[in-house]
Amino acid sequence: MAGHPLSSLLRPASIAVIGASRDPAKWGCKVLRNIVGNPYKGKVYAVNPSVSAIEGVACYPGVGDVPGGVELAVVIVPSPAVPRVVDECGAKGVKALCVITAGFGETGPEGARLEERVRERAASHGMRMLGPNTMGFLNNAIGLNASVVPKMPPKGEISFITQSGALGLSLVDWSIGSHLGLNCVVSTGNKADVSEADLLEYFEEDGDTRTIAMYIEGLKDGRRFLEAAKKVRKPKLAIKAGMSRAGARAAASHTGSLAGSDAVYDAAFRQCGVVRVEGVGEMFDAAMALSTQPRAKGNRVAILSNGGGAAIMASDACERRGLTVPELRRHTKAGIARLLPAFASVKNPIDTVAKSDHDIYRDALRALIDDDGIDCVLVIYAHGGFTNPEEPARAVIDALRDKCPKPVVACWMGGREVGDVARMFRRNRVPYYPTPERASEALSALIRHYELGKAPRK
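Counting from 143, one number per residue, gives the positions in the sequence shown under the numbering used here.
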């Protein structure tokens with residue numbers, strides 16, 4: 143990745159925070175604290191003409207006074223001063239800019255003209271620029287939090303591109319609470335230079351990214367986005383916001399975006415292999431499955447459950463999403479029947495009638511994986527207090543210990559007693575969901591990704 147045009151932005155060897163502050167209420171303090179308070183190993187400098195040091199970091203009057211080289215400048219100064227700072231960075235030989243400052247195109251014509259001046263000046267110095275009006279970014283692979291996000295999420299393989307900084311903040315907090323790992327989170331802001339297309343190209347080459355998730359309010363260059371997305375073979379998910387009349391107005395005042403037609407975006411996403419999702423929960427549920435599971439080869443689902451009600455709900459949820467729950471092969475049913483009481487159901491869905499011993503779940507799941515009439519498996523455990531919920535969870539993990547050729551997702555239904563199971567599944571790369579509906583939606587995303595990948599891209 144060292145030679146990629148965005149490597150100086152997202153994997154810098156040195157950073158200057160221009161507009162660093164001692165005031166904990168100011169973003170210049172928050173960003174500097176986040177950079178030095180995490181495991182980032184590069185050089186860090188602070189720029190503020192009024193003080194000599196901030197957070198233990200030596201402070202310089204201007205970026206030109208920094209004694210070493212600066213690969214990335216994080217700019218947090220008032221918007222009228224940004225053009226001057228950009229020129230100073232260019233003279234210093236800075237390679238990339240992250241302009242957190244707001245007050246540009248999102249404010250109206252005058253702000254848009256200022257934004258264009260900043261873009262032109264950055265381009266004249268050969269610098270790539272993220273923003274303006276961005277919350278910054280974080281890159282877990284190098285322990286870098288160059289943003290206003292207070293905490294780093296767990297490490298993972300999902301990289302998230304968001305046009306909304308506040309949404310990025312809340313999603314990182316949500317990922318921490320749900321033990322969902324993220325690789326990079328990048329707030330694009332107004333996209334004066336770096337856009338979703340640039341980031342798609344970067345993450346396609348990034349070995350630490352397996353799935354790309356996006357929150358989009360509007361695309362400034364739809365053709366460029368389509369061309370970039372078509373080249374990306376990794377799973378791509380997108381929420382497209384601002385489709386309603388009220389949402390379009392909000393998008394225009396938020397980041398100066400033109401929302402565009404819902405039907406146009408739907409067609410464009412299908413054409414370039416982007417799986418469209420409706421909300422944040424659906425996006426990360428899908429991303430969890432896509433970043434850990436092999437490709438689905440079709441839409442035939444087997445359901446294994448210790449309760450009939452949960453199995454019926456899962457069957458309904460799958461069929462509502464266009465998935466099929468077919469009959470199992472005769473030898474599969476015979477093999478599973480040997481594991482269960484005579485009154486258990488070995489049709490699809492399989493109801494073990496409250497039997498959730500380790501060996502039953504492990505061997506039944508292996509039989510379903512081996513059935514060539516099944517493309518993916520949904521394993522459900524409904525906690526009733528009779529079994530430790532970790533026992534069937536360990537069975538799933540053991541069944542998948544050898545590389546599994548089919549997607550498997552887990553649904554553990556219960557309250558506080560199933561909390562440790564979520565962590566077990568995360569550690570072992572098994573996508574976990576608390577309800578059958580969410581699990582079936584994740585399977586649907588896996589299958590849509592496979593089907594979009596088969597379709598010719600014009």
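Ideal placement from N, C-alpha and C gives every residue a C-beta, glycine not left out.
#1: Could you tell me the boundaries of the beta strand (DSSP E) in which Gly211 lies?
#2: Which value, in whole angstroms, describes the spacing of the CA atoms of Gln413 and Val199?
#3: With a 10 Å radius around its C-beta and 16 neighbouring C-beta atoms as the bar for buried, classify Gly210 as buried or exposed.
#4: List the endpoints of the continuous alpha helix (DSSP H) containing Tyr503.
#5: For Asp404, is the classification buried or exposed, using 16 other Cβ atoms within 10 angstroms of its Cβ as the cut-off for buried?
#6: What residues in its chain sit with their C-beta under 6 Å from that of Gly440, if we drop five residues either side in the sequence?
#7: Hey, could you find the ends of the beta strand (DSSP E) Val186 is sitting in?
#8: Please report how far the alpha carbon of Thr353 lies from the alpha carbon of Asp427, in whole angstroms.
#9: So, for Glu230: in the same chain, excluding its five sequence neighbours on each side, which residues have a beta-carbon less than 7 Å away from its beta-carbon?
#10: Report back the beta-carbon spacing between Tyr592 and Ala438 to the nearest angstrom; my notes put them in contact at under 8 Å.
#11: For Ser395, which residues from the same chain have a beta carbon less than 6 Å from its beta carbon, with the 5 sequence-adjacent residues on both sides left out?
#12: Within 10 angstroms of the Cβ of Val406, are there 16 or more other Cβ atoms? Answer buried if so, exposed if not.
#13: Need the endpoints of the alpha helix (DSSP H) that Ser457 sits in, please.
#14: Using three-state DSSP, classify Met555 as helix, strand or coil.
#15: Kindly indicate the opening and closing residues of the beta strand (DSSP E) around Asn287.
#16: Is the separation between the beta-carbon of Ile157 and that of Val186 shorter than 8 Å?
#17: Hey, Leu446 and Ile381 are a contact pair by Cβ (cut 8 Å); roughly how many whole angstroms apart?
#18: Kindly indicate which residue of Pro251, Asn275, Ala264, Ser457 has the alpha-carbon position closest to the one of Gln305.
#19: In whole angstroms, what separates the C-alpha of Ser194 from that of Tyr202?
#20: First and last residue of the alpha helix (DSSP H) that includes Gly253?
#21: Kindly confirm or deny that the segment 318–335 and the segment 237–253 touch, where touching means at least three C-beta pairs closer than 8 Å.
#22: Tell me where the beta strand (DSSP E) around Cys171 begins and ends.
#23: Is there contact between the segment 260–270 and the segment 282–289, where contact requires at least three CB pairs shorter than 8 Å?
#24: Is the CB of Asn332 under 8 Å away from at least one CB in chain B?
#25: Can you tell me where the beta strand (DSSP E) holding Thr529 begins and where it ends?
#26: Exposed or buried, which one is Phe279 when buried takes at least 16 other CB atoms within 10 Å?
#27: Within 10 angstroms of its Cβ, does Asp340 collect 16 or more other Cβ (buried), or is it exposed?
#28: On the DSSP bridge list, what partners appear for Gly278?
#29: Does the distance from the C-beta atom of Asn325 to that of Gly364 stay below 8 Å?
#30: From the DSSP output, read off the bridge partner residues of Lys378.
#31: How is the beta strand (DSSP E) around Arg270 delimited, first residue to last?
#32: Hey, could you find the ends of the alpha helix (DSSP H) Ala486 is sitting in?
#33: Out of curiosity, what's the CA-to-CA distance linking Ala453 and Pro251?
#34: Does the segment 176–184 come into contact with the segment 300–316, if we say contact requires no fewer than three beta-carbon pairs (one atom in each stretch) closer than 8 Å?
#35: Quick check for students: name the residue ranges of the beta strand (DSSP E) that lie wholly in the segment 211–250, counting only runs of 3 or more.
#36: Buried or exposed for Arg263, please, with buried defined as at least 16 other CB atoms from any protein chain shown within 10 angstroms of its CB.
Here's the rundown:
#1: Along the sequence shown, one-based indexing puts residue 211 at 69. Careful: Gly211 lies outside any beta strand (DSSP E) and carries neither H nor E.
#2: Along the sequence shown, one-based indexing puts residue 413 at 271. Along the sequence shown, one-based indexing puts residue 199 at 57. Gln413 and Val199: Cα-Cα distance of roughly 49 Å.
#3: The count along the sequence shown starts at 1 and reaches residue 210 at position 68. So Gly210 counts as exposed.
#4: The residue given as residue 503 occupies position 361 in the sequence shown. Where Tyr503 is concerned, the enclosing alpha helix (DSSP H) stretches over 500–512.
#5: Stepping through the sequence shown from its first residue, residue 404 is reached at position 262. When all chains shown are included, Asp404 counts as exposed.
#6: Looking up residue 440 in the sequence shown gives position 298. Cβ within range, chain order: Asp517.
#7: Within the sequence shown, residue 186 is the residue found at index 44, counting from 1. Unbroken beta strand (DSSP E) run through Val186: 185–189.
#8: The count along the sequence shown starts at 1 and reaches residue 353 at position 211. The count along the sequence shown starts at 1 and reaches residue 427 at position 285. Using only the alpha carbons, I get a separation of about 12 Å.
#9: Here residue 230 corresponds to residue number 88 of the sequence shown, with the count starting at 1. Same-chain partners within the cutoff: Gly204, Val205, Gly206.
#10: Here residue 592 is taken as the residue at index 450 of the sequence shown, counted from 1. Here residue 438 is taken as the residue at index 296 of the sequence shown, counted from 1. That pair is a contact at about 5 Å.
#11: On the sequence shown, residue 395 is found 253 positions in, with the first residue counted as 1. Confidence in Ser395 is poor, its pLDDT being 46 and thus under 50, which makes the residue's placement too unreliable to answer from.
#12: By one-based count along the sequence shown, residue 406 stands at place 264. By the neighbour-count definition (other C-beta atoms within 10 Å, threshold 16), Val406 is an exposed residue.
#13: For the purposes of this step, residue 457 is taken as residue 315 along the sequence shown, with counting starting at 1. 450–462 is the extent of the alpha helix (DSSP H) around Ser457.
#14: To locate residue 555, count along the sequence shown from 1; it is residue 413. Looking at Met555 - three-state DSSP - the assignment turns out to be strand.
#15: Within the sequence shown, residue 287 is the residue found at index 145, counting from 1. In the DSSP assignment, Asn287 falls within the beta strand (DSSP E) that extends over 286–289.
#16: Translated into positions along the sequence shown, residue 157 becomes position 15. Translated into positions along the sequence shown, residue 186 becomes position 44. Yes. Within cutoff.
#17: Working through the sequence shown from its first residue, we reach residue 446 at position 304. Working through the sequence shown from its first residue, we reach residue 381 at position 239. About 31 Å separates the two Cβ atoms, so there is no contact after all.
#18: Here residue 305 refers to the residue found at position 163 of the sequence shown. When each option's Cα is compared against that of Gln305, the closest is Asn275.
#19: Translated into the one-based positions of the sequence shown, residue 194 becomes position 52. Translated into the one-based positions of the sequence shown, residue 202 becomes position 60. Near 7 Å, if we compare the C-alpha coordinates of Tyr202 and Ser194.
#20: Counted from its first residue, the sequence shown places residue 253 at position 111. Here the alpha helix (DSSP H) through Gly253 covers 251–266.
#21: Yes: the two stretches touch, three or more of their Cβ pairs being nearer than 8 Å.
#22: Within the sequence shown, residue 171 is the residue found at index 29, counting from 1. Premise fails: Cys171 lies in the alpha helix (DSSP H), 169–178, not in any beta strand (DSSP E).
#23: Verdict: no, contact absent.
#24: You won't find chain B in this structure, because it holds only one protein chain.
#25: For the purposes of this step, residue 529 is taken as residue 387 along the sequence shown, with counting starting at 1. No beta strand (DSSP E) holds Thr529; DSSP gives it neither H nor E.
#26: In the sequence shown, the residue the question calls residue 279 occupies position 137. That one is buried.
#27: What you label residue 340 is simply residue 198 of the sequence shown in a count that begins at 1. Classification for Asp340: buried.
#28: Within the sequence shown, the letter at position 136 stands for residue 278. Partner(s): Ser289.
#29: Here residue 325 refers to the residue found at position 183 of the sequence shown. Here residue 364 refers to the residue found at position 222 of the sequence shown. Not in contact: Asn325 and Gly364 (Cβ atoms no closer than 8 Å).
#30: Residue mapping note: residue 378 aligns to position 236 of the sequence shown, counting from 1. Answer is Ile354, bridged to Lys378.
#31: The residue labelled residue 270 in the question sits at position 128 within the sequence shown. First-last of the beta strand (DSSP E) with Arg270: 270–272.
#32: Counting from one through the sequence shown, the residue named residue 486 turns up at place 344. Where Ala486 is concerned, there is no enclosing alpha helix (DSSP H), given that its DSSP letter is neither H nor E.
#33: Looking up residue 453 in the sequence shown gives position 311. Looking up residue 251 in the sequence shown gives position 109. Those two C-alpha atoms are separated by around 57 Å.
#34: no
#35: 214–217, 238–241
#36: Along the sequence shown, one-based indexing puts residue 263 at 121. Result: buried.
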